[in-house]
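Single-structure report; data block below.
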Amino acid sequence: MPELPEVEVVRRGLERWVAGRTVDDVEVLHPRAVRRHGGGAADLVARLRGRTAAVPVRRGKYLWVPLRQSGAASGVAEPDRRSGEEAADDALLVHLGMSGQLLVQPADATDERHLRVRLRFTDGGRELRFVDQRTFGGVAVDELGAGGVPLSVAHIAPDPFDPAFDDAAFARRLRARRTGLKRALLDQTLVSGIGNIYADEALWRARLHYARATEGVTRAEAVRVLDAARAVMTDALAQGGTSFDSLYVNVNGESGYFERSLAVYGREGQECDRCGTPIRRESFMNRSSYLCPACQKRPRHPRW
DNA sequence: CGGAGCTCCTGGGGGC
DNA sequence: TGCCCCCAGGAGCTCC
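44 is the number of the first residue of the first sequence in this note's numbering; add one for each residue after it.
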């Protein structure tokens with residue numbers, strides 16, 4: 044499940060392998076993968092052809108590649124055209140959903156079973172493939188608005204690594220909510236980038252129960268769980284970051300972090316690393332929550 | 001309008 | 001062996 048660290052690994056892979064290249068042709072193999080694009084598949088293709096990829100940007104789990112007009116003389120390379128200096132009007136927006144991957148593959152590599160969109164480049168090098176088994180993810184070309192953020196991403200809050208992220212404002216907004224703590228952490232309009240796995244991990248590190256009522260969470264606790272989220276995602280990125288060093292832009296949730304370093308997620312019945320109490324799995328919001336019942340005390344008045 | 005629940009999707013795995 | 005159901009969950013949408 045790609046959350047912020049996995050998406051950042053993908054962003055870095057795109058920066059290395061795709062930035063500066065010009066799109067030659069695009070193939071949409073599944074309409075659902077482009078459902079977020081207003082004009083449909085044909086329009087998406089038309090808006091991508093001949094455009095040059097700038098340095099990709101990420102906010103939370105969203106990723107976009109600003110698109111520049113390529114040089115007037117077709118086929119002529121544009122040396123030293125530093126990205127970011129020219130404002131782009133639109134961008135290729137990508138969300139990986141549950142199972143999305145971006146792969147950089149040789150043109151003659153066999154198509155993946157769940158290949159949804161293929162981008163070929165004018166340099167004839169490796170192509171970019173969007174592969175997504177469950178099609179919760181998708182790609183679109185979207186207009187860039189204020190601050191260079193795609194219009195359809197404007198409602199998404201900055202993530203905890205964004206210099207613009209305001210810890211005090213986060214605590215204030217969290218405490219103004221009338222809901223459960225984990226539900227709030229998963230709300231991408233409050234703080235972005237955190238999904239089910241890192242929410243559970245952050246709550247465990249902060250020793251807070253997922254059903255704590257947000258209005259009862261102290262400012263210190265709010266910042267504690269936020270810092271815990273930063274820490275666990277930083278660790279994940281440090282470990283997952285090795286996989287994009289190859290030609291394969293590893294993108295799915297398999298940074299390797301899952302198996303190695305998770306304290307609670309997927310560890311039902313195993314001992315808590317801190318106190319030895321068996322980790323418990325509970326059903327919550329129609330999905331799973333993992334926690335240490337000793338370290339993370341259930342509140343007297345839980346809120347879901 | 002905030003909050004909560006529904007829904008989309010597909011393959012793997014368990015039960016019978 | 002085969003079939004059916006459950007499970008994974010991000011986020012837009014709808015309803016109250």
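Yeah, the Cβ is synthetic: ideal placement off N, Cα and C, and Gly gets one too.
Residue i classed as buried or exposed, judged by whether at least 16 other C-beta atoms fall within 10 angstroms
i: Arg346; result: buried
i: Pro193; result: buried
i: Arg94; result: buried
i: Asp175; result: buried
i: Met328; result: exposed
i: Gln339; result: buried
i: Asp209; result: exposed
i: Pro149; result: exposed
i: Arg310; result: buried
i: Val143; result: Note that residue 143 corresponds to Gly in the displayed sequence, not to Val. The residue in question, Gly143, is buried, as its Cβ has 16 or more Cβ neighbours within 10 Å.
i: Ser326; result: exposed
i: Asp151; result: exposed
i: Asp166; result: exposed
Any non-hydrogen atom of the ligand ATP within 7 angstroms of residue i CB
i: Pro203; result: Of the ligands one can find in the structure shown there are none, so the ligand ATP has no counterpart to examine.
Residue i to residue j span [Cα, whole Å]
i: Glu350; j: His157; result: A question about residue 350 goes unanswered here, because the residues of the chain that appear run from 44 up to 347.
i: Thr77; j: Phe213; result: The amino acid occupying residue 77 in the given sequence is Val; Thr does not appear at that position. Approximately 33 angstroms between the Cα atoms of the pair.
i: Arg226; j: Arg273; result: 18 angstroms
i: Leu110; j: Gly319; result: 52 angstroms
i: Gly223; j: Tyr241; result: 16 angstroms
i: Arg92; j: Trp107; result: 16 angstroms
i: Leu280; j: Asp132; result: 30 angstroms
i: Thr239; j: Tyr253; result: For the record, residue 239 in the displayed sequence is Asn; it is not Thr. Approximately 11 angstroms, taken between the alpha carbons.
i: Arg55; j: Glu258; result: 38 angstroms
i: Pro48; j: Arg172; result: 20 angstroms
i: Ala256; j: Pro342; result: 8 angstroms
i: Val98; j: His344; result: 47 angstroms
i: Leu334; j: Asp270; result: 18 angstroms
i: Met141; j: Gly181; result: 10 angstroms
i: Glu170; j: Val147; result: 6 angstroms
i: Arg221; j: Ser113; result: 49 angstroms
i: Ala337; j: Arg79; result: 44 angstroms
i: Val61; j: Gly168; result: 10 angstroms
i: Ala130; j: Ala183; result: 19 angstroms
i: Arg215; j: Ala245; result: 19 angstroms
i: Thr277; j: Arg324; result: 25 angstroms
i: Val50; j: Met44; result: 10 angstroms
i: Tyr308; j: Gln282; result: 17 angstroms
Assigned secondary structure, residue i (DSSP; H/G/I helix, E/B strand, else coil)
i: Ala150; result: coil
i: Leu47; result: helix
i: Gly63; result: coil
i: Leu290; result: Annotation note: pLDDT 36 at Leu290 (below 50); position unreliable, coordinate value reported separately. If DSSP states are grouped into helix, strand and coil, Leu290 belongs with coil.
i: Arg159; result: strand
i: Ser235; result: coil
i: Pro321; result: strand
i: Pro74; result: helix
i: Arg330; result: strand
i: Trp347; result: coil
i: Leu145; result: strand
i: Thr222; result: coil
i: Ala134; result: strand
i: Ala254; result: coil
i: Gly299; result: Legend: pLDDT at Gly299 = 49, less than 50; position of this residue unreliable, value from coordinates given subsequently. Three-state result, Gly299: coil.
i: Gln339; result: coil
i: Glu365; result: Only positions 44 to 347 of the chain appear in this structure, which leaves residue 365 out of reach.
i: Val196; result: helix
i: Glu311; result: coil
i: Arg216; result: helix
i: Ala96; result: strand
i: Arg39; result: The structure shown does not extend to residue 39, since the chain is modelled only from 44 through 347, so no value can be given for it.
i: Gly181; result: strand
Distance between beta carbons of residue j and residue i, contact taken as under 8 angstroms
i: Val88; j: Val69; result: 4 angstroms
i: Leu139; j: Asp185; result: About 16 angstroms separates the two Cβ atoms, so there is no contact after all.
i: Pro201; j: Ser235; result: 7 angstroms
i: Phe164; j: Arg64; result: 4 angstroms
i: Thr153; j: His198; result: Rounded, the Cβ-Cβ distance is 39 angstroms, inconsistent with contact.
i: Leu145; j: Leu72; result: With a Cβ gap of about 15 angstroms, Leu145 and Leu72 do not count as contacting.
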